[in-house]
Amino acid sequence: MNPPIHSSGPSPVRAWLALVRFSILRQFRLRQMAAIALGLLALTLFVVGLVTARFGWDRTEVRLQRADPRNVQILTGGLALPEVEAMPVMREALRESQPLAVFSRWVVFFLFLGFLMPLWTLSFAVSAIGSERENRSLVWLLTRPIPRWGIYLAKLLGVLPWCVAFNLGGFGLMCVAGGEVGRSAFLLYWPGVLVGSIAFASIFHLIGAWFSRPAIVALLYSFFFETILSELPVPGTLKRLSISYYTRCLMYSSAREADVPTESDLLLVPVSDPLAWGVLLLGSVLVTLLGMRIFTKREYRDEV
Amino acid sequence: MTPDTATSEPILLFEQVTKWYGPVIGVNHVSLELRGGITGLVGSNGAGKSTLLRLATGQLAASIGRVSIRGIDASSWRARRYVGYCPDTDAFYEEMSGREFVRTMALLSGFARSEASDRTEAVLARVGMTDRADRGIRRYSKGMRQRIKLAQSLLCSPDLLVLDEPLSGIDPIGRQDLLELFRRLAADGCCLLVSSHELEELEKLTDRVAIMARGRIAAVGTLKRIRDLLDDLPLTIRLDCSEPRRLAAFLVPMPEVSGVELEPRVLPGSMPSILVKARNPKTFFRQLTELVIRENIDIVRMEALDDSAHAILGYLLGGSGKT
Numbered sequence: 006m007n008p009p010i011h012s013s014g015p016s017p018v019r020a021w022l023a024l025v026r027f028s029i030l031r032q033f034r035l036r037q038m039a040a041i042a043l044g045l046l047a048l049t050l051f052v053v054g055l056v057t058a059r060f061g062w063d064r065t066e067v068r069l070q071r072a073d074p075r076n077v078q079i080l081t082g083g084l085a086l087p088e089v090e091a092m093p094v095m096r097e098a099l100r101e102s103q104p105l106a107v108f109s110r111w112v113v114f115f116l117f118l119g120f121l122m123p124l125w126t127l128s129f130a131v132s133a134i135g136s137e138r139e140n141r142s143l144v145w146l147l148t149r150p151i152p153r154w155g156i157y158l159a160k161l162l163g164v165l166p167w168c169v170a171f172n173l174g175g176f177g178l179m180c181v182a183g184g185e186v187g188r189s190a191f192l193l194y195w196p197g198v199l200v201g202s203i204a205f206a207s208i209f210h211l212i213g214a215w216f217s218r219p220a221i222v223a224l225l226y227s228f229f230f231e232t233i234l235s236e237l238p239v240p241g242t243l244k245r246l247s248i249s250y251y252t253r254c255l256m257y258s259s260a261r262e263a264d265v266p267t268e269s270d271l272l273l274v275p276v277s278d279p280l281a282w283g284v285l286l287l288g289s290v291l292v293t294l295l296g297m298r299i300f301t302k303r304e305y306r307d308e309v
Numbered sequence: 338m339t340p341d342t343a344t345s346e347p348i349l350l351f352e353q354v355t356k357w358y359g360p361v362i363g364v365n366h367v368s369l370e371l372r373g374g375i376t377g378l379v380g381s382n383g384a385g386k387s388t389l390l391r392l393a394t395g396q397l398a399a400s401i402g403r404v405s406i407r408g409i410d411a412s413s414w415r416a417r418r419y420v421g422y423c424p425d426t427d428a429f430y431e432e433m434s435g436r437e438f439v440r441t442m443a444l445l446s447g448f449a450r451s452e453a454s455d456r457t458e459a460v461l462a463r464v465g466m467t468d469r470a471d472r473g474i475r476r477y478s479k480g481m482r483q484r485i486k487l488a489q490s491l492l493c494s495p496d497l498l499v500l501d502e503p504l505s506g507i508d509p510i511g512r513q514d515l516l517e518l519f520r521r522l523a524a525d526g527c528c529l530l531v532s533s534h535e536l537e538e539l540e541k542l543t544d545r546v547a548i549m550a551r552g553r554i555a556a557v558g559t560l561k562r563i564r565d566l567l568d569d570l571p572l573t574i575r576l577d578c579s580e581p582r583r584l585a586a587f588l589v590p591m592p593e594v595s596g597v598e599l600e601p602r603v604l605p606g607s608m609p610s611i612l613v614k615a616r617n618p619k620t621f622f623r624q625l626t627e628l629v630i631r632e633n634i635d636i637v638r639m640e641a642l643d644d645s646a647h648a649i650l651g652y653l654l655g656g657s658g659k660t
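Protein chains in written order, with my numbering: chain C, 6 to 309; chain Z, 338 to 660.
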């Protein structure tokens, strides 16, 4: 029995769209990495929820106990309180201790941006092509009538919704666990999370297609480049090569507009919003184009 | 499948193709032209068979030379519309059923949903998997997995069907079914390139083979033609006789005999035998006949061990011929 011949015949566009859909659904099957991401999310939610419930995010008292003006107040028996509070250093200390600022610094900038967002994105994006290589199922895609660059792009589009949804969703849940402060933080920072997710997804997808041990390379890149560069409170130009830096700039800018002190601009040396958006989005496009070229030229002889 | 296999344009064409993997050469200066029918590809491990098949299916690009399918560069996605490929790797999307897998491959080949379903059913029927296609692939036997791989390769009604070890793991009855299927596909105009270690099976399927050795196509043609070319090359013969040592003593001084080896008895009471390596088979057989009559030696069985593709391979590789 020969396959029946239909009038429409095969179409490369239809094949590509089918691959996008297949890639989205396939990502759901990659339970191992998703389980790691979910485990981290659960742990984070527990910690944030615990801190919210037990201590809250207002650190004014703690700051006051550490600040020198407090000693002056003790000596004068409270008479000097208005003067103490009017001092610039005291005003800044109180501003930095407000709940939203504390939540932003510790949960959003340090924990989420410096650690969780790269790791969550990595766990999905690296496996888009990486798992096909690892399982030696890439041959089924490479022998379809779809251009190689189309396969790369379809795989990226398949994994992107997962990265964005998990990062935004995970961030949202963390913010919910943070109570009222968290909800304000979500409204401030979600655009940065969105564009950061796209940029991270594009670079980790490239790593998945390029390196034969993509998960290890991506982890090394994430920890030794993105995390360390973005967390180190030092000025310099090297950090401008990292995605975290531009995402941080966007978030910093949103916080500053809301009068929430997050970082020292002397150390961060932030770039303007348009530049940060431009670098993240244009960088994602360029990295994707580079990946399409690499995937077209690369030979996967050991993985098929 | 297009039935115009006799047209001037070859279906698969290798033009002086060389493929390097860094400093290692995969295939070396290969020229090959297929216009239809079934061609067997044999060679020892590392001979370059898989590289050649991957070049043909566009998974690898030639370092030097050109590989084309119906005139289109094999590495172009357009060429893949004409090619069906059954890989030797046993990797699937294990969570799928056989039917889901083949249908997914049909959708990824660009067929509309209804057509993908129709083609899926057609190819499943063709490989005899219709009634077992709803089982999960991870629960399939090796033979069933092989049939599913074969089914997906037929989806696009290919002009060129590249089969890498297609009979591996299939039971004898299943083999007959598939061999029959391959013959029907060839009769329908599909050009088949079949790589196999099962030389006996390959000989049942086709007498046209391409023999690969050390990255080169050592010989292409019918087994008989290659055999004729090898008339003057050494031949190994097993002789079962009651007096092997006496026979060996007569054979060793013969100029046409390059080696004699006494074979141990396989079973107690079985006839002993010797292996004789003859330089020129025609002359040797004439001299052996004269010797047997003159010395009244009782030879109960004579078997030319290399009167098969195994032997041809052995000659060309300078080895045992075993692959």
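By construction, the Cβ of each residue, glycine as well, lies at the ideal position given by its N, Cα and C atoms. Bear in mind the structure is a predicted one, so any value in this text is a computation, not a measurement.
Within its chain, find whatever has a CB closer than 7 Å to the CB of residue i; leave out the 5 residues flanking it on each side and keep chain order.
i         : result
Z:Arg-436 : Thr-457, Leu-461, Ala-470, Asp-471
C:Cys-180 : Gly-187, Arg-188, Ala-190, Phe-191
Z:Gly-408 : Glu-346
Z:Gln-335 : Nothing in the structure corresponds to residue 335 of chain Z, since chain Z is present only between 338 and 660.
Z:His-366 : Gln-353, Thr-355, Arg-553
C:Ala-260 : Ser-109, Leu-193, Thr-267
C:Ala-159 : Trp-21, Leu-24, Val-25, Ser-28
C:Phe-171 : Ala-42, Trp-125, Phe-129
Z:Cys-527 : Met-338, Pro-495, Asp-496, Leu-498
Mind checking who residue i pairs with in its DSSP beta bridge?
i         : result
Z:Thr-559 : Z:Arg-545
Z:Thr-355 : Z:Ile-401
Z:Glu-598 : Z:Leu-612
Z:Leu-369 : Z:Phe-351
Z:Glu-294 : One cannot answer for residue 294 of chain Z here, as it falls past the ends of chain Z, which runs 338 to 660.
Z:Arg-553 : Z:Ala-550
Z:Ile-375 : Z:Leu-529
C:Leu-22  : Paired residue(s): none; C:Leu-22 is not in a bridge.
Z:Gly-473 : Z:Ser-434
Z:Gly-421 : Z:Leu-498
Z:Gly-380 : Z:Met-549
Z:Ile-406 : Z:Leu-349, Z:Ile-409
Would you grab the beta carbon distance between residue i and residue j for me? Rounded to a whole angstrom, and I think it's under 8 Å.
i         : j         : result
Z:Lys-614 : Z:Ser-595 : 5 Å
Z:Gly-552 : Z:Gly-395 : Their Cβ separation, rounded to whole angstroms, is 19 Å, which puts Z:Gly-552 and Z:Gly-395 out of contact at 8 Å.
Z:Arg-545 : Z:Thr-559 : 6 Å
C:Thr-148 : Z:Tyr-430 : That pair is no contact at about 14 Å.
Z:Ile-406 : Z:Ala-416 : 4 Å
Z:Pro-581 : Z:Pro-609 : 5 Å
Z:Glu-432 : C:Arg-59  : Actually they are not in contact, since the Cβ atoms of Z:Glu-432 and C:Arg-59 sit about 43 Å apart, beyond 8 Å.
C:Leu-173 : C:Leu-45  : In fact, because the Cβ distance is near 16 Å, the residues do not count as touching under 8 Å.
C:Gly-135 : C:Leu-211 : At roughly 11 Å, the Cβ-Cβ gap does not stay under 8 Å, so C:Gly-135 and C:Leu-211 are not in contact.
C:Thr-293 : C:Gly-184 : Contact doesn't hold; Cβ gap of about 38 Å is too wide.
Z:Asp-425 : Z:Glu-538 : 15 Å between Cβ atoms; not a contact.
Suppose the cutoff is 6 Å on Cβ atoms and the five residues either side in sequence are ignored; what does the same chain contact list for residue i look like?
i         : result
Z:Lys-659 : Residue confidence for Z:Lys-659 is low, a pLDDT of 41 falling below 50, so the modelled location carries little weight and cannot support an answer.
C:Leu-162 : Val-25
C:Glu-101 : Pro-266
Z:Val-557 : Ala-547
C:Thr-242 : none
Z:Arg-584 : Before going further, note that residue 584 of chain Z is Leu rather than Arg in the sequence given. If we look at Z:Leu-584 and ignore the five residues flanking it on each side, its Cβ neighbours are Cys-578, Ile-634.
Skipping 5 residues on each side, what residues in its chain have a beta carbon closer than 8 Å to that of residue i?
i         : result
C:Phe-114 : Arg-253, Met-256, Thr-267, Glu-268
Z:Glu-352 : Ser-368, Gly-402, Arg-403, Val-404, Ser-405
Z:Gln-513 : none
Quick one: does the C-beta of residue i sit closer than 8 Å to a heavy atom of the ligand NAP?
i         : result
Z:Leu-349 : Of the ligands one can find in the structure shown there are none, so the ligand NAP has no counterpart to examine.
Do the region 473-493 of chain Z and the region 453-463 of chain Z make contact, defined as three or more Cβ pairs closer than 8 Å? The region 473-493 of chain Z, when compared against the region 453-463 of chain Z, does touch it at the 8 Å Cβ threshold.
Does the structure place the region 352-371 of chain Z close enough to the region 501-514 of chain Z that three or more beta carbon pairs sit under 8 Å? no
Does the region 283-303 of chain C touch the region 196-211 of chain C, meaning 3 or more C-beta pairs lie closer than 8 Å? yes
Residues of the region 432-455 of chain Z whose Cβ lies closer than 8 Å to any Cβ of chain C, in chain order: Glu-432, Thr-441, Met-442, Leu-444, Leu-445, Ser-446, Gly-447, Phe-448, Ala-449, Ser-451, Glu-452, Asp-455
Below 8 Å, can you find three or more Cβ-Cβ pairs linking the region 294-301 of chain C to the region 144-154 of chain C? yes
Whether or not the region 227-247 of chain C and the region 137-148 of chain C are in contact is what I'm after, with contact meaning three or more pairs of Cβ atoms, one per stretch, closer than 8 Å; do they touch? In short, these stretches do not touch, since the Cβ pair count stays below three.
Check whether the region 122-131 of chain C and the region 164-183 of chain C touch, using three or more Cβ-Cβ pairs below 8 Å as the test. yes
For the region 126-148 of chain C, which residues have a CB atom closer than 8 Å to at least one CB atom of chain Z, in sequence order? Asn-140, Arg-141, Ser-142, Val-144, Trp-145, Leu-146, Leu-147, Thr-148
Quick check: the region 14-21 of chain C against the region 439-447 of chain Z, are at least 3 beta-carbon pairs closer than 8 Å? yes
Using a Cβ-Cβ cut-off of less than 9 Å, list which residues of the region 207-222 of chain C approach chain Z; keep chain order. none
Which residues, taken in chain order from the region 12-30 of chain C, show a beta carbon closer than 7 Å to some beta carbon of chain Z? Residues passing the 7 Å Cβ filter: Ser-13, Pro-15, Ser-16, Pro-17, Arg-19, Ala-20, Ala-23, Leu-24, Phe-27.
Mind listing which residues of the region 267-279 of chain C have their C-beta closer than 9 Å to chain Z's C-betas, in chain order? none
Of the residues that make up the region 151-172 of chain C, which ones have a beta carbon closer than 8 Å to any beta carbon in chain Z? Ile-151, Pro-152, Arg-153, Gly-155
Name, going along the chain, the residues of the region 382-399 of chain Z whose beta-carbon falls closer than 9 Å to a beta-carbon of chain C. Ser-387, Thr-388, Arg-391, Thr-394, Gly-395, Gln-396, Leu-397, Ala-398
Along the region 476-494 of chain Z, where does the CB come closer than 8 Å to a CB of chain C? Name the residues. Of all residues in the region 476-494 of chain Z, those with a C-beta nearer than 8 Å to a C-beta of chain C are Gln-489, Leu-491, Leu-492, Cys-493, Ser-494, reading in chain order.
Output needed in chain order: residues of the region 589-608 of chain Z with a Cβ under 9 Å from some Cβ in chain C. Listed by position, the residues of the region 589-608 of chain Z near chain C (Cβ gap below 9 Å) amount to none.
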